[in-house]
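Scroll down for the structure; my scribbles are underneath it.
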Amino acid sequence: MSDCLFCKIIDGSIPSDKVYEDDDIFAFHDIHPKAPTHVLVIPKIHIPTLADVENPDLLGTLMSKVNHIANDVLKLEAGYRIVINVREGGGQEVFHLHVHILGGKKLPF
Ligand code: 5GP
Ligand code: ZN
Numbered sequence: 001m002s003d004c005l006f007c008k009i010i011d012g013s014i015p016s017d018k019v020y021e022d023d024d025i026f027a028f029h030d031i032h033p034k035a036p037t038h039v040l041v042i043p044k045i046h047i048p049t050l051a052d053v054e055n056p057d058l059l060g061t062l063m064s065k066v067n068h069i070a071n072d073v074l075k076l077e078a079g080y081r082i083v084i085n086v087r088e089g090g091g092q093e094v095f096h097l098h099v100h101i102l103g104g105k106k107l108p109f
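Going by my numbering, the sequence shown opens with residue 1, and the numbers climb by one from there.
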């Protein structure tokens, strides 16, 4: 989608600090990290929010790759938190589905 910030990060027209990419997803460091490690994982297809997902297989793929990135790429052996903000009431600011991976310190709930 041409006016979407995260689509532009995927196509490289906006630079990012990439940590992982494959045919389905793209992962990069959050520009305003809320923890020592704060990475965003996004599907390559434009879906505005979690509530817009129609294919449950997409969520299975996304979450298994989040787990792979957290464990094998970011090496968050002590653990990590995942967050998905949904719509304005959930704190979503960028309307391209994304999973936050937070780690690198003990996180209070
Ligand atoms: P949301 O609030 O929508 O769940 O999260 C959006 C996240 O995107 C925020 O944590 C914000 O810091 C991050 N973000 C916004 N603009 C950019 C950007 O241009 N580059 C990167 N790497 N992260 C961004
Ligand atoms: Zn997009």
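Idealized CB from N, CA, C, for every residue including glycine.
Opening and closing residue of the beta strand (DSSP E) in which Val86 lies: Val86 -> no beta strand (DSSP E), and no H or E assigned at all.
8 Å contact criterion, which Phe28 and Asp17 should meet: CB distance rounded: 6 Å
Helix, strand or coil at Lys65 according to DSSP, with G and I counted as helix: helix
Buried or exposed by the 16-neighbour rule on C-beta atoms within 10 Å, applied to His32: exposed
Met63: CB within 8 Å of a non-hydrogen atom of ligand 2: no
Three CB pairs or more closer than 8 Å across the segment 92–106 and the segment 67–84: yes
Neighbourhood of Leu50 by C-beta, 7 Å cutoff - its chain only, sequence neighbours within 5 removed: Ile84, Val86 and Leu97
Own chain residues within Cβ distance below 8 Å of Asp52, not counting five before or after: Leu97
Enclosing alpha helix (DSSP H) for Ile9 [first to last residue]: Leu5 to Asp11
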